[in-house]
């Protein structure tokens, strides 16, 4: 249905925005709080990668 298509499109748009932010694009629209949250997410991800390298 149209409602489901709209929901999927919105979810896709949100995921694309998140991916852009994780790659350093589209950061100018983020608030200071959003930037701190993104930084924390990246730090956690980096820690996971480093722990896998050690194994």
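Residue numbers (the numbering used here): 705 to 759.
All C-beta atoms in this analysis are idealised placements derived from N, C-alpha and C, irrespective of residue type, glycine included.
In this structure, does DSSP put residue i in helix, strand or coil?
i, result
"residue 727", "coil"
"residue 739", "helix"
"residue 720", "helix"
"residue 759", "coil"
"residue 710", "helix"
"residue 750", "helix"
Please name the residue, chosen from the options, that lies closest to residue i on a Cα-to-Cα basis.
i, options, result
"residue 725", "712, 745 and 759", "745"
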